[in-house]
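If you're matching them up, the sequences are chains L and C in order.
Under full-length UniProt numbering, the first sequence has 332 at position 332, and the numbering climbs by one with no breaks.
Under full-length UniProt numbering, the second sequence has 34 at position 34, and the numbering climbs by one with no breaks.
A virtual CB, placed ideally from N, CA and C, is assigned to each residue, including glycine.
Below is one structure, written out as structure tokens; the observations come after it.
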Amino acid sequence: MTTLLQQLDTFDGAAITLPNGDTISFSSIVSVSNVLREEIKAVATKSADALVNNSHQNDAETKDRELPFSSLTEFVIGLLALEGWVEEFSILSDRFIYSPPSTLGEKSAVNSTWFLFTSGTTGKPKQIAHTTKSICASLRLRGHSKQSCWALTYKPSKFAGIQVILQSLLSGDCLVDCSSGSPDEKVALLKETKASAISATPSWWRQLLMTNSIDSLNLTHITLGGETADQHLLSTLSTCFPSAKIFHIYASTEAGVGFAVSDNKAGFPKSWVENGVNRNYLRIKQNILWIKPWFDAARLNNAGAIECDDEGYINTQDVVLVEGERVFFKGRLNGTINVGGHKVFPETVESVLLSSPLVAQARVYGKENKILGSVVVADIVLSKPPANADNKKIKLSILLYCKTHLDRKDMPTKINVVDTLALSDSGKLVRATS
Amino acid sequence: MSDLKKTILDCMEQVAVIADCTLIENISDDTVLLQSGLDSLGFAMLVAQLEEELGTDPFSEMELAVYPRTLGEFVTVYKNALS
């Protein structure tokens, strides 16, 4: 087998562009990663020798080791040094944790097991196991094309971030870290680095669309993931970037990449539930989407880490609705707002709000109410607020718009106009209940 | 009619439209709230709208749950909260 590091051996040119415009070449990355490998090996050998020579060996020397990172470059070098070299490594937000390699002296690569953590959007983060094969399965590698500069909008340590990093590196493309900064700073960086491919959450895209200079970007590849992509956003992106290929991806840390939808329509074809897609199989049970990935996720993980049925279908906790030949996402099962016994999906209400031309961003949540238990509240960012706008009138007209698209109990009882909506580290809307 | 009562009645009319309710005619101080045409969801919306108009939500600020029975009692809760 070929390690990720070996796959980069023949590439030349820039692998990473730094915010200051400097670049780091593939050859530098490969050579520094190789040096790091040797250091890992030297430390492990020293520990093994000490173990043989000293029966009172300190336990600390055989324990798991840490490899910290504080930048995209350090992350990439650490990942390339460990993959195929150590049998297991975990990826935390700021460091790798790995077991010292047990195959010292052998030249052949090992099949590393990767441990990633879920974002924990609606629960406690879980540790999920992968292999290099399951991580890389959905990458679309085109050889050393040097045609794209990929913008990384996710944290490198997350499943989605790793996908972008490997997609770029293994294609010989250039990578630029756009995971921090204000929307305007991000656009400036994207423009300066001539980024042509961006993978980001719908919330991230909505923020970007609100900046004035987005038209100056020349994008050829647009990917949305991590949250439901609504029709309004897909249509807007398609109008702004007519020559770009647009994909919305359904993926999770547990099941890997499920599928990519490329027809610029919200939801996905019902035929995929019947026939499978991308070597994965789908099933809808009691309106919940279950997915059976092509790799044996249940066997890779400890019992209980992933909820799956006897046939290996994983419970995605995503509630879906079949309409004609299309399947649409309604929201997360454990994220509903209980309004007098009626379950409201915040994502469904947000989708209606976002379809109004007045609304650029929306966050819907439950507010405690003495009579109904909870009521629905929406924070919105207005699309283009006119000067001297009367917010009361705008809110009323948005409520009347919602009335024509939502059931009574799904209606927001209150709309707050805000300047910005906070996004989490994973680029998703922060969903804290107030 | 006091300004406060007029504000509340105006809001009730607006909420009735949004919440798809039909208000009864001739609403007075003695009208029992739950017979006014607004249901519990309508009242939740009314309280939210009034917070917008008057800058206060006396129900979320009260430690003890007080449920006014009539419109007159409802107006008094707001009057006390604003005094």
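- Residue-level contact check: G340 of chain L touches chain C, since one or more beta carbons of chain C fall below 8 Å from its beta carbon.
- For the options L:D309, L:G335, L:S356, the alpha carbon positioned closest to that of K285 of chain L is the one of L:D309.
- Taking a contact to require three or more Cβ pairs closer than 8 Å, the stretch 106–119 of chain L and the stretch 31–45 of chain L do not qualify as touching.
- Between the alpha carbons of S374 of chain L and Q317 of chain L lies a gap of roughly 22 Å.
- Secondary structure note for T404 of chain L: its alpha helix (DSSP H) is the uninterrupted segment 391–405.
- S36 of chain C does not reach chain L, its nearest Cβ partner there being about 15 Å away, counting only Cβ pairs nearer than 7 Å.
- Taking every protein chain shown into account, the CB of Y313 of chain L has 16 or more other CB atoms within 10 angstroms, so this residue is buried.
- In the three-state reduction of the DSSP assignment, D318 of chain L falls in the strand class, which pools E and B.
- Judged by DSSP secondary structure, N338 of chain L falls within the beta strand (DSSP E) whose first and last residues are 337–339.
- Scanning chain C for C-beta atoms nearer than 9 Å to the C-beta of N287 of chain L yields nothing, as the closest lies near 24 Å away.
- Residue pairing by DSSP puts K285 of chain L in a beta bridge opposite L:I288.
- The Cβ neighbour count for M1 of chain L, taken over all protein chains shown within 10 Å, is under 16; the residue is labelled exposed.
- When the five nearest sequence neighbours on each side are left out, the beta carbons in the same chain lying within less than 7 Å of the beta carbon of L406 of chain L are those of V349, V352, in order along the chain.
- Per DSSP, the continuous alpha helix (DSSP H) segment holding Y78 of chain C begins and ends at 71–82.
- Under DSSP, S25 of chain L shares a beta bridge with L:A14.
- In the DSSP assignment, Y313 of chain L forms no beta bridge with any residue.
- Within the model, the alpha-carbon separation for T22 of chain C versus G226 of chain L is close to 42 Å.
- Apart from sequence neighbours up to five positions away, the residues of its chain that approach L423 of chain L with a beta-carbon distance below 6 Å are S203, ordered along the chain.
- Using a Cβ-Cβ cut-off of 7 Å, F43 of chain C is close to I371 of chain L, given in chain order.
- With a threshold of 8 Å between beta carbons, L400 of chain L makes contact with chain C.
- The beta carbon of S238 of chain L sits closer than 7 Å to those of I246, N264, all from its chain and outside the five residues before and after it, given in chain order.
- Q35 of chain C sits exposed, since fewer than 16 C-beta atoms from the chains shown fall within 10 Å of its C-beta.
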